[in-house]
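Visitor: What follows is a structure written as structure tokens; I'll ask about it next.
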Amino acid sequence: MQKQEKRHTENGLMIERMIGIHRKILSGCYPNSQQLAYDFEVSVSTISRDIEYMKTRLNAPIEYDAKHRGYYYSTKFDMPTNLVSSEKLIALSYAKVLLSQYDGTPVYDEISDVINFLVDSQGNNTSPLLKRIAVPPRSKIILDERKWNLILYAFSHNCIIEFDYKGRWNSETTHRRVHPYQVLIDDGVCSLFGFSEERNAERLFVISRMENITIRKATFELPENFDFENRCAGGRFGAFFKEGNSEKVKVEFYDDAKEWIKERIWADDQQIEEDEYAVTITFSTKQLDEVLHWVLSQGHNAKPLEPASLVEKWKHHITKMAEHAAE
209 MQKQEKRHTE NGLMIERMIG IHRKILSGCY PNSQQLAYDF EVSVSTISRD
259 IEYMKTRLNA PIEYDAKHRG YYYSTKFDMP TNLVSSEKLI ALSYAKVLLS
309 QYDGTPVYDE ISDVINFLVD SQGNNTSPLL KRIAVPPRSK IILDERKWNL
359 ILYAFSHNCI IEFDYKGRWN SETTHRRVHP YQVLIDDGVC SLFGFSEERN
409 AERLFVISRM ENITIRKATF ELPENFDFEN RCAGGRFGAF FKEGNSEKVK
459 VEFYDDAKEW IKERIWADDQ QIEEDEYAVT ITFSTKQLDE VLHWVLSQGH
509 NAKPLEPASL VEKWKHHITK MAEHAAE
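In this note's numbering, the protein residues as written are 209 to 535.
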């Protein structure tokens with residue numbers, strides 16, 4: 209089984225490289241083996257095997273131009289129709305639909321390009337089926353591609369970055385020096401997760417609020433356990449976390465919210481109890497700020513019971529809401 213999975217992975221990477229090689233040759237930039245090996249982070253011999261496969265198995269009219277020191281197509285050429293099975297093409301098309309909620313990010317654009325190339329090159333018409341699966345319209349992510357490229361470069365070289373930042377709860381702009389760990393894409397917002405030297409702690413930064421990004425020559429060691437998911441203590445409430453120990457949350461849901469709350473996994477250790485009056489959910493998390501928004505979203509059909517800090521914040525919000533309603 210492991211050998212089969214390894215072979216599938218290697219085949220997939222080979223297809224990705226051949227698609228990339230095809231695009232570069234098609235662009236007329238005369239790529240050579242050394243450049244391609246550098247671009248795809250493989251050996252020159254691997255690129256040579258890929259090109260030989262394209263020439264002998266895919267009948268690609270690849271020729272070498274000594275003057276330009278690179279490859280070109282001697283005649284018009286499109287990738288063949290048998291790289292991916294029709295079933296997998298349909299699955300890829302479904303994936304594009306599901307990923308459409310991330311439209312506006314460079315990640316989505318790159319993935320869409322690959323999917324479109326594979327589907328279009330094989331003449332596979334999946335449009336009737338695709339209409340049967342849909343993602344409802346959501347707010348669209350707005351992301352400056354220049355910022356994205358700078359952060360991506362910092363990732364690939366483990367470079368420290370500096371930038372000016374105005375946070376959600378800060379009225380003043382501050383200068384930050386950060387070790388970038390991950391980009392989080394959540395509910396229409398792209399955030400950077402990393403270590404802030406000024407705070408001597410891990411922080412989240414909304415990328416659209418980051419200005420004057422500068423990449424420093426100084427580098428950092430990526431921690432072995434850098435994954436944001438590990439900071440959530442089992443909670444599944446998106447890009448929010450709180451330093452310190454996880455806390456036990458207990459919330460009651462009533463009426464229309466009773467069935468809704470049972471339809472998802474909200475935390476790895478969640479426990480649900482039900483009676484005629486309410487559904488009570490208990491779980492652990494470090495994401496209390498988002499849990500508060502989650503509870504408030506259900507209006508009078510939700511009531512937090514634990515921890516005390518969550519209950520107090522909830523009471524503060526509903527009191528303010530009542531005051532505004534009375535004005």
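Ideal placement from N, C-alpha and C gives every residue a C-beta, glycine not left out.
Once the 5 residues before and after V487 are set aside, which same chain residues still bring their CB inside 7 Å of it?
Guide: Within the sequence shown, residue 487 is the residue found at index 279, counting from 1. So the list reads F461, K466, I469, K470, I480, once near-sequence residues are dropped.
Visitor: So the alpha helix (DSSP H) R354 belongs to, where does it begin and stop?
Guide: Residue 354 sits at position 146 when you count from the first residue of the sequence shown. That run of the alpha helix (DSSP H) goes 353–365.
Visitor: Identify, in the order they occur along the chain, each residue of the same chain with its Cβ nearer than 8 Å to the Cβ of Y316, setting aside the five sequence neighbours on each side.
Guide: As a first step, residue 316 is located in the sequence shown; it is residue number 108 there, counting from the start. Answer for Y316: L307, S308, Y310, listed in chain order.
Visitor: Check whether the Cβ atoms of G396 and S454 sit closer than 8 Å, and answer yes or no.
Guide: Counted from its first residue, the sequence shown places residue 396 at position 188. Counted from its first residue, the sequence shown places residue 454 at position 246. Going by C-beta atoms, G396 is not nearer than 8 Å to S454.
Visitor: With a threshold of 6 Å on Cβ separation, who are the neighbours of P512 within its own chain once the five nearest residues in sequence on each side are excluded?
Guide: For the purposes of this step, residue 512 is taken as residue 304 along the sequence shown, with counting starting at 1. Only V459, V503, L518, V519, W522 meet the Cβ criterion.
Visitor: In the DSSP assignment, find the alpha helix (DSSP H) that holds R257 and state where it starts and stops.
Guide: Taking the sequence shown and counting its residues from 1, the one referred to as residue 257 is at position 49. From DSSP, the alpha helix (DSSP H) with R257 extends over 252–264.
Visitor: Excluding sequence positions up to five away, which residues of its chain have a Cβ less than 8 Å from the Cβ of A245?
Guide: Position 37 of the sequence shown holds residue 245. Around A245: S251, V252, T254, I255.
Visitor: Return the bridge partner residues of D273 from the DSSP annotation.
Guide: Start at 1 with the first residue of the sequence shown, and residue 273 comes out as number 65. G278.
Visitor: Per DSSP, what are the beta-bridge partners of Y373 in this structure?
Guide: Looking up residue 373 in the sequence shown gives position 165. Looking at the DSSP assignment, Y373 forms a beta bridge with T382, M418.
Visitor: Are the CB atoms of P445 and V499 nearer to each other than 8 Å?
Guide: For this step, residue 445 is matched to residue 237 along the sequence shown. For this step, residue 499 is matched to residue 291 along the sequence shown. In the sequence as displayed, the identity of residue 445 is Phe instead of Pro. Contact: yes.
Visitor: Roughly how many angstroms separate the alpha carbons of H525 and S364, rounded to a whole number?
Guide: Your numbering for residue 525 matches position 317 in the sequence shown. Your numbering for residue 364 matches position 156 in the sequence shown. Between H525 and S364, the C-alpha separation is close to 43 Å.
Visitor: For the region 461–532, which segments carrying the alpha helix (DSSP H) assignment without a break, of at least 4 residues, lie completely within its bounds, in sequence order?
Guide: 465–469, 496–504
Visitor: Is the region 359–377 in contact with the region 409–423, if contact means three or more CB pairs nearer than 8 Å?
Guide: yes
Visitor: In its own chain, which residues sit with a C-beta less than 7 Å from the C-beta of K355, not counting the 5 before and 5 after it?
Guide: Mapped onto the sequence shown, residue 355 falls at position 147. Closer than 7 Å at Cβ, skipping near neighbours: I415, M418, I421.
Visitor: Taking the DSSP output, what are the residues bridged to D317?
Guide: Residue numbering aside, residue 317 sits at position 109 when the sequence shown is read from its first letter. Its beta-bridge partners do not exist; DSSP assigns none.
Visitor: Short check: CB of F434 to CB of Y389, under 8 Å?
Guide: Taking the first residue of the sequence shown as position 1, residue 434 is located at position 226. Taking the first residue of the sequence shown as position 1, residue 389 is located at position 181. Yes; because the gap between Cβ atoms is below 8 Å, this pair is in contact.
Visitor: Compare the Cα-Cα distances from E429 to each of C440, D372, H387 and report the closest residue.
Guide: Along the sequence shown, read from residue 1 onward, the residue named residue 429 stands at position 221. The shortest Cα separation from E429 among C440, D372, H387 belongs to H387.
Visitor: Put A534 into one of helix, strand or coil per three-state DSSP.
Guide: As a first step, residue 534 is located in the sequence shown; it is residue number 326 there, counting from the start. Reduced to three states, the DSSP call for A534 is helix.
Visitor: Give me the Cα-Cα distance between F413 and F403, rounded to the nearest whole angstrom.
Guide: One-based indexing of the sequence shown puts residue 413 at position 205. One-based indexing of the sequence shown puts residue 403 at position 195. In a straight line, the C-alpha of F413 is about 10 Å away from that of F403.
Visitor: My output table needs one value for K425: the three-state DSSP class, helix, strand or coil.
Guide: As a working note, residue 425 is residue 217 in the sequence shown. Strand.
Visitor: By alpha-carbon positions, which one of M226, E249, R231, C237 ends up nearest to K263?
Guide: Taking the first residue of the sequence shown as 1, we reach residue 263 at position 55. Nearest of M226, E249, R231, C237 to K263, Cα basis: M226.
Visitor: Quickly, what does DSSP pair S399 with across the bridge? List them, please.
Guide: Against the sequence shown, residue 399 aligns to sequence position 191. Its beta-bridge partners are L392, V414.
Visitor: Apart from the five residues just before and just after K541, which ones in its own chain have a Cβ nearer than 6 Å to its Cβ?
Guide: Outside the modelled stretch of the chain, which goes from 209 to 535, sits residue 541, for which no answer is possible.
Visitor: Under the assumption that F401 contacts G442 (Cβ atoms under 8 Å), give the Cβ distance between them as a whole number of angstroms.
Guide: Counting from 1 along the sequence shown, the entry for residue 401 is found at position 193. Counting from 1 along the sequence shown, the entry for residue 442 is found at position 234. With 8 Å as the limit, F401 and G442 do not qualify as a contact, their Cβ atoms being about 17 Å apart.
Visitor: So what's K456 in DSSP terms, helix, strand or just coil?
Guide: Numbered from its first residue, the sequence shown carries residue 456 at position 248. K456 falls in the strand class under three-state DSSP.
Visitor: By how many angstroms is the C-alpha of T382 removed from the C-alpha of K374?
Guide: For the purposes of this step, residue 374 is taken as residue 166 along the sequence shown, with counting starting at 1. For the purposes of this step, residue 382 is taken as residue 174 along the sequence shown, with counting starting at 1. So the alpha carbons of these two residues sit roughly 6 Å apart.
Visitor: Around the C-beta of R265, are 16 or more other C-beta atoms found within 10 angstroms, so that it is buried, or is it exposed?
Guide: Counting from one through the sequence shown, the residue named residue 265 turns up at place 57. Classification for R265: exposed.
Visitor: Might you give, ordered along the chain, the residues of its own chain that have their beta carbon closer than 7 Å to the beta carbon of D464, omitting 5 neighbours on each side?
Guide: Taking the first residue of the sequence shown as 1, we reach residue 464 at position 256. Taken in chain order, the residues that qualify are N509.
Visitor: To the nearest angstrom, report how far apart M529 and E514 are at their CA atoms.
Guide: The count along the sequence shown starts at 1 and reaches residue 529 at position 321. The count along the sequence shown starts at 1 and reaches residue 514 at position 306. If you take the alpha carbons of M529 and E514, they lie about 21 Å apart.
Visitor: On the DSSP letters alone, give me the boundaries of the alpha helix (DSSP H) that F248 sits inside.
Guide: Within the sequence shown, residue 248 is the residue found at index 40, counting from 1. Start and end: 241–248.
Visitor: Among the residues of its own chain, which have a CB less than 7 Å from the CB of H276, if the five just before and after it don't count?
Guide: Taking the sequence shown and counting its residues from 1, one reaches residue 276 at position 68. Correct list, in chain order: Y238.
Visitor: Using DSSP's beta-bridge definition, name the partner residues of A441.
Guide: What you label residue 441 is simply residue 233 of the sequence shown in a count that begins at 1. For A441, which the question treats as bridged, DSSP gives no partner whatsoever.
Visitor: For A274, which of S241, A303, R257 has the nearest alpha-carbon?
Guide: Within the sequence shown, numbered from 1, the residue matching residue 274 stands at position 66. That would be S241, whose Cα lies nearest to the Cα of A274.
Visitor: With a threshold of 8 Å on Cβ separation, who are the neighbours of F436 within its own chain once the five nearest residues in sequence on each side are excluded?
Guide: Stepping through the sequence shown from its first residue, residue 436 is reached at position 228. Excluding residues within five positions, the ones whose Cβ falls inside 8 Å are Y389, Q390, L392, F401, A447, F449.
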